[in-house]
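Numbering (our numbering), first residue to last: 674 to 747. Input: a single structure, listed below in structure tokens.
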């Protein structure tokens with residue numbers, strides 16, 4: 674897994690998003706290839722990597738450049 678979030682942060686964020694009626698899981702019918710394709714089209718990418726804003730704690734993110742998109746899906 675990619676990230677630096679403190680323990681429990683992902684659960685707290687998921688609960689908050691769910692309470693707002695927002696999705697917190699990838700739809701099961703969406704293939705890995707579709708997910709990778711969508712990430713490659715993201716505006717935060719450069720030639721070699723996609724930049725992810727990963728929550729480190731509430732109110733603070735860390736910017737991480739990822740080149741191996743398959744590793745994000747593990």
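Here a beta-carbon is modelled for each residue, glycine too, at the ideal position from N, C-alpha and C. Source: prediction; values computed, not measured.
inquiry  = Taking the alpha helix (DSSP H) that residue 685 belongs to, which residues open and close that run?
reply    = Looking at the DSSP string, the run of the alpha helix (DSSP H) that includes residue 685 is 682 to 692.
query = In or out: residue 731 buried (at least 16 other Cβ within 10 Å) or exposed?
reply = exposed
Given 8 Å, three or more beta-carbon pairs between the region 737 to 744 and the region 720 to 728 = yes
key: Spatial distance of residue 700 from residue 709 (CA atoms)   = Between residue 700 and residue 709, the alpha-carbon positions lie close to 14 Å from each other.
task = Spatial neighbours of residue 746 within its chain, please: CB distance less than 8 Å, with the 5 preceding and 5 following residues excluded, ordered by chain position.
result = Result list for residue 746: 705, 708, 709, in chain order.
task = Would you grab the beta carbon distance between residue 728 and residue 678 for me? Rounded to a whole angstrom, and I think it's under 8 Å.
result = 5 Å
Residue 742, DSSP secondary structure in three states = Residue 742 falls in the helix class under three-state DSSP.
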